[in-house]
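Residue numbers (the numbering used here), protein chains in the order written: chain L, 3 to 278; chain E, 178 to 530.
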Amino acid sequence: MTLLSVRNLRVSFDTEAGLVEAVRGVSFDLGRERLGIVGESGSGKTMTGRSVLRLIRPPGKIEADAMHFDGADLMAASEAEMRALRGRRMAMVMQDPKYSLNPVMNVGAQLTEGLRQRDRLSAGDARRKAIDALEAVQIRDPERVLSAYPHELSGGMGQRVMIAMMLIPSPDLLIADEPTSALDVTVQAEVLSILDGLVRDRGMGLIFISHDLRLVARFCDRVLVMYKGRVVEELAARDLMQARHPYTQGLLNCLPRIGGSRGPLPGLDRNAEWAR
Amino acid sequence: MEQSDIPGHQAPLLRIARQAGATTAQLLVTFIGLLAVTFIISRVVPIDPVSALIGERATADQIAEARLRLGLDEPLWRQFLLYVWQALHGDFGLSIKTHQPVIQEIARFFPATLELSTLATIIGVLIGIPAGVLAATRPGSLPDQIVRLVGLMGYSMPVFWLALIGLLVFYGDLGWVGGPGRLDASYDMMMEFEVTQYTGMVLVDTALNGRWDMFANAFSHIILPASILGYLSMAYISRMTRSFMMNELGQEYITTARVKGMPERRVIWVHAMKNVMVPLITVIALSYAFLLEGAVLTETIFAWPGLGRYITDALLVADMPAVLGGTVVVGAVYIGLNMVSDLLYRLADPRAR
């Protein structure tokens with residue numbers, strides 16, 4: 003069953019330096035599965051994710067032949083309809099909790115905001131739900147975290163708070179945009195396994211955006227490789243080692259391997275031809 | 178899991194109180210520094226305090242007696258300690274012009290300035306913040322252009338010109354507002370004898386006495402100068418609000434709020450505004466302090482018996498005790514406002530606690 007279907011998505015920015023095309027015709031379908039989008043900085047992977055939520059800031063412009071989410075036409079939806087979808091059915095976890103949490107509101111206020119404003123829950127009920135959500139991301143003393151401010155949390159804690167916040171309304175689609183890139187390596191694995199467990203248990207569709215091809219392959223069912231705003235290769239995660247596209251191979255080879263050669267890592271090969 | 182990384186954030190008010198204590202000590206040092214500056218000024222200006230006090234044709238005995246009375250025979254450091262001691266007790270000496278204690282005169286003049294600047298700041302905040310937000314949320318739009326143009330005019334038009342034109346149009350031609358002064362002449366006497374003066378601020382005192390007829394008259398007099406000063410303050414506040422707000426709207430936590438499905442109104446006025454308030458508190462406090470000390474021209478044009486005019490008049494007749502007393506009061510107000518804005522800043526920003 004298709005949850006999200008995107009046809010020929012284009013994102014462009016009309017800047018003073020001319021038209022910048024960040025995404026140039028991306029198409030994909032997503033069921034209740036885990037799709038990875040991989041590429042280097044500027045490949046358009048983040049813009050692809052945010053277009054689905056229609057959260058591209060002006061002067062950015064989203065165009066697509068079609069973009070449907072569970073029967074809803076995302077291109078034709080009004081802003082109010084988009085807000086209802088965003089609040090309840092689609093969510094996004096961003097890269098760095100240091101910036102994605104509001105620094106002057108405490109965690110409790112941010113976690114319960116949706117429940118209070120949108121679902122009109124009482125303060126007590128919202129608080130109980132927030133505590134449940136924090137327990138679901140394995141935070142042991144949720145009471146204390148609720149009254150903390152973001153700067154009082156470590157990166158790993160902050161990202162768990164972020165995941166808890168986004169999963170409170172039980173969305174059908176979660177976009178995780180480099181959710182572990184800003185975290186320490188030791189914490190990365192923890193946060194990933196929490197995310198993995200929740201997505202699996204709740205049967206959500208997941209778009210996992212990362213520059214780390216191996217991580218994505220371990221975590222996802224399918225992988226899109228993007229280069230300069232285009233999908234250059236789409237393949238099942240288990241077939242990653244059989245990747246044919248030279249850019250994908252390049253992404254694989256430019257990471258160090260334990261026990262591998264100690265010589266300089268190969269640079270990433272870029273060819274203007276691939277971007278055509 | 179790492180749970181121990183939340184520092185004890187209990188009793189933030191207690192922490193703020195402790196910091197307020199430290200701030201107070203700091204301010205006391207600043208205040209003594211201010212006194213040192215005014216003290217030095219009083220000793221280096223080429224105005225002889227003795228001859229200013231008793232006139233140039235005094236006898237040698239009279240001069241010696243006056244020197245003794247002013248403590249001028251003491252060593253300089255003792256003179257300074259005496260000065261600090263007296264200043265801390267609100268004693269700035271007698272005005273040379275009126276032979277009244279300076280502190281009493283300031284107590285009469287300062288409320289007029291306080292009233293005017295406060296109303297002006299309220300006008301500036303109530304219009305400036307929404308205007309800045311409106312401009313920031315629609316950059317490049319017509320409302321943005323208007324806000325920027327009106328703000329630029331506020332920056333660049335001389336206040337005395339605005340004040341004169343304002344008087345000409347709204348008082349002279351249209352007759353919408355009262356003219357110069359704080360009240361009509363007929364009310365001036367009543368103010369003196371029929372109204373208990375609690376604060377020295379006409380609007381507050383007439384309201385406390387239930388004299389709404391006088392309140393209305395006072396309001397018609399204050400509204401024009403307050404609007405003109407409020408316009409200057411609005412120009413500054415709207416411009417800063419616009420730039421702070423644009424900066425905050427570009428932050429990632431704004432995207433988070435939108436992802437949560439929050440309406441734009443809430444994203445701007447709750448999520449972004451709470452962050453904008455942090456630097457804006459300082460901006461508002463500075464513009465308030467600026468009005469408190471710098472409304473000389475406006476006070477002159479509107480015959481407003483305020484502190485700016487008091488100091489200027491004293492300066493023109495070389496009434497040094499009055500000038501220095503006024504300077505110290507202005508400085509003290511400045512220091513006090515700094516402390517208040519510092520406290521508010523800490524309340525607004527948990528990271529600063």
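A virtual CB, placed ideally from N, CA and C, is assigned to each residue, including glycine.
Opposing strand residues paired with Ser212 (chain L) [DSSP bridges]: Here residue 212 (chain L) corresponds to residue number 210 of the first sequence, with the count starting at 1. For Ser212 (chain L), which the question treats as bridged, DSSP gives the partners L:Val40.
Under the three-state DSSP convention, the category Met228 (chain L) falls into: In the first sequence, residue 228 (chain L) corresponds to position 226, counting from 1. DSSP places Met228 (chain L) within a strand segment (E or B) once states are collapsed to three.
Endpoints, alpha helix (DSSP H) assigned at Ile283 (chain E): Locating residue 283 (chain E) in the second sequence gives position 106, counting from the first residue. Per DSSP, Ile283 (chain E) belongs to the alpha helix (DSSP H) from Val279 to Thr314.
Host beta strand (DSSP E) of Ala24 (chain L) (start-end): The sequence position of residue 24 (chain L) within the first sequence is 22, counting from 1. Secondary structure note for Ala24 (chain L): its beta strand (DSSP E) is the uninterrupted segment Gly20 to Leu32.
Cut-off 6 Å between Cβ atoms - residues of its own chain near Ala241 (chain E), not counting five sequence neighbours on either side: As a working note, residue 241 (chain E) is residue 64 in the second sequence. So the list is empty, once near-sequence residues are dropped.
Val354 (chain E) CB to nearest heavy atom of the ligand FAD below 6 Å: As for the ligand FAD, it is missing from this structure, which has no ligand bound.
Collapsed DSSP secondary structure at Ser14 (chain L) in the structure displayed: Locating residue 14 (chain L) in the first sequence gives position 12, where the first residue counts as 1. Secondary structure at Ser14 (chain L): strand, using DSSP grouped into helix, strand and coil.
Sub-7 Å separation of Leu176 (chain L) and Met206 (chain L) beta-carbons: Taking the first sequence and counting its residues from 1, one reaches residue 176 (chain L) at position 174. Taking the first sequence and counting its residues from 1, one reaches residue 206 (chain L) at position 204. Met206 (chain L) is positioned such that its CB atom lies closer than 7 Å to that of Leu176 (chain L).
Supposed contact pair Tyr487 (chain E) and Glu282 (chain E) - C-beta distance, whole angstroms, cut 8 Å: In the second sequence, the residue the question calls residue 282 (chain E) occupies position 105. In the second sequence, the residue the question calls residue 487 (chain E) occupies position 310. Distance from Glu282 (chain E) to Tyr487 (chain E) at the Cβ level is roughly 7 Å; contact confirmed, criterion being Cβ atoms closer than 8 Å.
Cα-Cα separation, Pro144 (chain L) to Gly199 (chain L): Looking up residue 144 (chain L) in the first sequence gives position 142. Looking up residue 199 (chain L) in the first sequence gives position 197. Their backbone Cα atoms lie some 19 Å apart in a straight line.
Counterpart residues of Phe392 (chain E) in DSSP-defined beta bridges: What you label residue 392 (chain E) is simply residue 215 of the second sequence in a count that begins at 1. Note: Phe392 (chain E) sits in no beta bridge, so no partner.
Option in E:Pro252, E:Ser228, E:Ile218 and E:Ile306 with minimal Cα separation from Val460 (chain E): The residue labelled residue 460 (chain E) in the question sits at position 283 within the second sequence. Shortest Cα-Cα distance from Val460 (chain E) to any of E:Pro252, E:Ser228, E:Ile218 and E:Ile306 involves E:Ile306.
Proximal chain L residues relative to Arg435 (chain E), where beta-carbon distance stays under 9 Å: Here residue 435 (chain E) refers to the residue found at position 258 of the second sequence. Residues of chain L with a Cβ closer than 9 Å to the Cβ of Arg435 (chain E) are, in chain order, Leu55, Leu57, Arg85 and Arg88.
Chain-ordered neighbours of Met49 (chain L) on chain E, where CB pairs are closer than 9 Å: In the first sequence, residue 49 (chain L) corresponds to position 47, counting from 1. Within 9 Å of the CB of Met49 (chain L), no CB atom of chain E is found; the nearest one sits about 13 Å away.
Closest residue to Val436 (chain E) among L:Leu21, L:Leu37, L:Lys131 and L:Pro171 (Cα-Cα distance): Here residue 436 (chain E) refers to the residue found at position 259 when the second sequence is read from its first residue. Among L:Leu21, L:Leu37, L:Lys131 and L:Pro171, the Cα nearest to that of Val436 (chain E) belongs to L:Pro171.
Spatial neighbours of Asp388 (chain E) in its chain, beta-carbon cut-off 7 Å, leaving aside the 5 residues before and after: Your numbering for residue 388 (chain E) matches position 211 in the second sequence. According to the sequence shown, residue 388 (chain E) is Arg rather than Asp. So the qualifying residues of the chain are Val372.
Secondary structure of Gly207 (chain L), DSSP reduced to three states: Here residue 207 (chain L) refers to the residue found at position 205 of the first sequence. Strand.
Which of helix, strand or coil DSSP assigns to Ile2 (chain L): Lying outside 3 to 278, the shown extent of chain L, residue 2 (chain L) is not represented and no answer is given.
Assumed close pair Arg419 (chain E), Ala313 (chain E) - CB separation to whole angstroms, cut-off 8 Å: As a first step, residue 419 (chain E) must be located in the second sequence, where it is residue number 242. As a first step, residue 313 (chain E) must be located in the second sequence, where it is residue number 136. With a Cβ gap of about 5 Å, Arg419 (chain E) and Ala313 (chain E) count as contacting.
Simplified DSSP state of Lys63 (chain L), which is helix, strand or coil: Here residue 63 (chain L) refers to the residue found at position 61 of the first sequence. Three-state result, Lys63 (chain L): strand.
Enclosing alpha helix (DSSP H) for Ile488 (chain E) [first to last residue]: Numbered from 1 along the second sequence, position 311 holds the residue referred to as residue 488 (chain E). First-last of the alpha helix (DSSP H) with Ile488 (chain E): Leu484 to Leu493.
Cβ-Cβ distance between Ile273 (chain E) and Asp496 (chain E) below 7 Å: Residue 273 (chain E) sits at position 96 when you count from the first residue of the second sequence. Residue 496 (chain E) sits at position 319 when you count from the first residue of the second sequence. The criterion of a C-beta distance shorter than 7 Å is satisfied by Ile273 (chain E) and Asp496 (chain E).
Any chain E beta carbon closer than 7 Å to His153 (chain L): On the first sequence, residue 153 (chain L) is found 151 positions in, with the first residue counted as 1. At least one CB atom of chain E sits nearer than 7 Å to the CB of His153 (chain L).
Rounded C-alpha distance that separates Arg9 (chain L) from Gly27 (chain L): Here residue 9 (chain L) is taken as the residue at index 7 of the first sequence, counted from 1. Here residue 27 (chain L) is taken as the residue at index 25 of the first sequence, counted from 1. If I take the Cα positions, the gap works out to 8 Å.
Cβ neighbour criterion (16 or more within 10 Å) applied to Val22 (chain L): Sequence index remark: in the first sequence, residue 22 (chain L) carries index 20 (1-based). By the beta-carbon neighbour count (other beta carbons within 10 angstroms, threshold 16), Val22 (chain L) is exposed.
Chain L contact for Gln180 (chain E) (CB, 7 Å cutoff): What you label residue 180 (chain E) is simply residue 3 of the second sequence in a count that begins at 1. In this predicted model, Gln180 (chain E) has a pLDDT of only 43, less than 50, meaning its place in the structure is not dependable; the value taken from the coordinates is given anyway. Yes, its Cβ sits closer than 7 Å to a Cβ of chain L.
For Leu360 (chain E), three-class secondary structure by DSSP: Counting from 1 along the second sequence, the entry for residue 360 (chain E) is found at position 183. Residue state for Leu360 (chain E) is assigned as coil, using DSSP reduced to three classes.
Backbone secondary structure at His266 (chain E) - three-state DSSP: Stepping through the second sequence from its first residue, residue 266 (chain E) is reached at position 89. The three-state secondary structure of His266 (chain E), taken from DSSP, is coil.
Nearest candidate by alpha-carbon position, reference Ala434 (chain E), set L:Thr114, L:Ile64 and L:Arg202: Residue numbering aside, residue 434 (chain E) sits at position 257 when the second sequence is read from its first letter. Residue L:Thr114 is the option with its Cα nearest to Ala434 (chain E).
Proximal residues of chain E, C-beta to C-beta of Met96 (chain L) below 8 Å: Position 94 of the first sequence, counted from the first residue, corresponds to residue 96 (chain L). Ordered by position in chain E, the residues that pass the 8 Å Cβ test against Met96 (chain L) are Glu429, Thr432 and Thr433.
Buried or exposed by the 16-neighbour rule on C-beta atoms within 10 Å, applied to Val218 (chain L): Sequence index remark: in the first sequence, residue 218 (chain L) carries index 216 (1-based). When all chains shown are included, Val218 (chain L) counts as buried.
Whole-number beta carbon distance between His153 (chain L) and Pro99 (chain L), since they are thought to touch under 8 Å: Locating residue 99 (chain L) in the first sequence gives position 97, counting from the first residue. Locating residue 153 (chain L) in the first sequence gives position 151, counting from the first residue. Contact between Pro99 (chain L) and His153 (chain L) is absent: CB atoms are separated by about 10 Å, not below the 8 Å threshold.
Pick from E:Leu409, E:Ala235, E:Asn424 and E:Phe286 that is closest to Pro316 (chain E), judged by C-alpha positions: Locating residue 316 (chain E) in the second sequence gives position 139, counting from the first residue. For the set E:Leu409, E:Ala235, E:Asn424 and E:Phe286, the Cα lying nearest the Cα of Pro316 (chain E) is the one of E:Asn424.
Alpha helix (DSSP H) segments (min. 4 residues) lying fully within the segment 114-187 of chain L: Taking only runs of at least 4 residues, the alpha helix (DSSP H) segments lying wholly in the segment 114-187 of chain L are 125-138, 144-148 and 157-169.
Interface positions of the segment 91-117 of chain L facing chain E (Cβ-Cβ less than 7 Å), listed along the chain: Per Cβ criterion, the list reads Ala93, Met94, Met96, Tyr101, Ser102, Leu103, Asn104, Pro105, Val106, Met107, Glu115 and Gly116.
Chain L contacts made by the segment 465-494 of chain E, where a contact means CB separation under 8 Å: Within the segment 465-494 of chain E, no residue places its CB atom closer than 8 Å to a CB of chain L.
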